[in-house]
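Chemist: Please find one structure pasted underneath; my questions will follow.
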Amino acid sequence: MEMVRVQREDFSIDEEIERVKKTSKAIGAVVTFLGTGRDISRGERIQGLEFEHYEGMAEKKLAEIRNRALKNFNVLEVAIVHRVGKIGIGENIVLIVVASQHRNDAFMCCEWCISELKRITPIWKKEFTEKGEIWVEEHP
Amino acid sequence: MVRVRFFAILKDRVGKEVVEIPVSGNITLRDLEEKVMEMFPQMEEYLRGRRLLVSVNQEFATPETVIKDGDEVAFLPPFSGG
Numbered sequence: 252m253e254m255v256r257v258q259r260e261d262f263s264i265d266e267e268i269e270r271v272k273k274t275s276k277a278i279g280a281v282v283t284f285l286g287t288g289r290d291i292s293r294g295e296r297i298q299g300l301e302f303e304h305y306e307g308m309a310e311k312k313l314a315e316i317r318n319r320a321l322k323n324f325n326v327l328e329v330a331i332v333h334r335v336g337k338i339g340i341g342e343n344i345v346l347i348v349v350a351s352q353h354r355n356d357a358f359m360c361c362e363w364c365i366s367e368l369k370r371i372t373p374i375w376k377k378e379f380t381e382k383g384e385i386w387v388e389e390h391p
Numbered sequence: 045m046v047r048v049r050f051f052a053i054l055k056d057r058v059g060k061e062v063v064e065i066p067v068s069g070n071i072t073l074r075d076l077e078e079k080v081m082e083m084f085p086q087m088e089e090y091l092r093g094r095r096l097l098v099s100v101n102q103e104f105a106t107p108e109t110v111i112k113d114g115d116e117v118a119f120l121p122p123f124s125g126g
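Top line first, the protein sequences correspond to chains A and B. For the first sequence, our numbering gives the first residue as 252, with consecutive numbering after it. For the second sequence, our numbering gives the first residue as 45, with consecutive numbering after it.
Below, the structure written as structure tokens:
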């Protein structure tokens, strides 16, 4: 199983954490970020979401984020999983798992990873609202 | 031929996912963008205002990037993953 993936199916947070933990006995801290589908956006009720990605390039950018994270932060392992396709309210969208010896490095690195993912990864979100479908063009 | 791809809102605006555009010799991305705007005036808003990123063979490109026969160019509206 790759440490960075784009997939349609849901993921298990426990399994992803276990896979990361198994890579080193020096791990003393694991920080996770989980992005989930919320039912409100810019004051509108959201009924569901759909994610599209540029196959190949999205995976390449996630791998690049992992490599840069491992190089620039004092962390031991990084895993990133992003789902695409139709996603319901409350469902998992993205998971980032960062492991390090001490917590502070993992917290900082995890925040950097999700910000960088939003900045450089060709993935787009469509929201289904009562008024119709909207491609989201900003990422707060 | 250059394979040009549109994603998300740009795919909806243009009404196509992929178009093949013939090119002779090496041209810059800026030249290709002019051709794309002639074919699809609805792309002007995004291209003139640079409300997008463009990739060539899955790497981010600039208007000066050279495009050659067989390349894949993709027009990428603002990302909203995560």
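In this text, a Cβ means the ideal position worked out from N, Cα and C, and glycines have one as well.
(1) Tell me the DSSP bridge mates of W386 (chain A)?
(2) Could you tell me if A118 (chain B) is buried or exposed, where buried requires 16 or more neighbouring beta carbons within 10 angstroms of its beta carbon?
(3) By the criterion of Cβ-Cβ separation under 8 Å, what are the contact partners of K227 (chain A) in chain B?
(4) If contacts are defined as beta-carbon pairs under 8 Å, then V282 (chain A) and A357 (chain A) qualify, I think. What distance do you get, rounded to the angstrom?
(5) Between V349 (chain A) and the rest of its own chain, which residues show a CB-CB distance below 6 Å, the 5 nearest in sequence each way excluded?
(6) Would you mind telling me which residues of chain A sit closer than 8 Å to A52 (chain B), beta carbon to beta carbon, in chain order?
(7) Using the C-alpha atoms, what's the distance from V255 (chain A) back to E310 (chain A)?
(8) Provide the residue(s) that pair with N325 (chain A) in DSSP beta bridges, ordered along the chain.
(9) Just reading off the alpha helix (DSSP H) that E64 (chain B) is part of, what are its end residues?
(10) How about I297 (chain A) and T380 (chain A): are their beta carbons less than 8 Å apart?
(11) Measuring only between beta-carbons, confirm whether E99 (chain B) sits less than 8 Å from chain A.
Modeler: According to the structure shown:
(1) Working through the first sequence from its first residue, we reach residue 386 (chain A) at position 135. A:K377.
(2) Numbered from 1 along the second sequence, position 74 holds the residue referred to as residue 118 (chain B). A118 (chain B) should be labelled buried.
(3) Outside the modelled stretch of chain A, which goes from 252 to 391, sits residue 227 (chain A), for which no answer is possible.
(4) As a position in the first sequence, residue 282 (chain A) is number 31, starting the count at 1. As a position in the first sequence, residue 357 (chain A) is number 106, starting the count at 1. Indeed they touch by this definition, with Cβ atoms about 4 Å apart.
(5) Start at 1 with the first residue of the first sequence, and residue 349 (chain A) comes out as number 98. The beta carbon of V349 (chain A) sits closer than 6 Å to the beta carbons of V282, V326, V329, A357, C360 and C361 from its chain, once the five residues preceding and following it are set aside; these are given in chain order.
(6) As a first step, residue 52 (chain B) is located in the second sequence; it is residue number 8 there, counting from the start. Neighbours of A52 (chain B) on chain A, chain order: E303, W375, K377 and W386.
(7) In the first sequence, residue 310 (chain A) corresponds to position 59, counting from 1. In the first sequence, residue 255 (chain A) corresponds to position 4, counting from 1. E310 (chain A) and V255 (chain A): Cα-Cα distance of roughly 7 Å.
(8) The sequence position of residue 325 (chain A) within the first sequence is 74, counting from 1. Beta-bridge pairing links N325 (chain A) to no other residue.
(9) Counting from 1 along the second sequence, the entry for residue 64 (chain B) is found at position 20. E64 (chain B) -> not in any alpha helix (DSSP H); beta strand (DSSP E) instead, spanning V62 to I65.
(10) Within the first sequence, residue 297 (chain A) is the residue found at index 46, counting from 1. Within the first sequence, residue 380 (chain A) is the residue found at index 129, counting from 1. Yes. Within cutoff.
(11) The sequence position of residue 99 (chain B) within the second sequence is 55, counting from 1. Residue identity check: residue 99 (chain B) is Ser in the sequence provided, not Glu. Chain A places a beta carbon closer than 8 Å to that of S99 (chain B), counting this residue as a contact.
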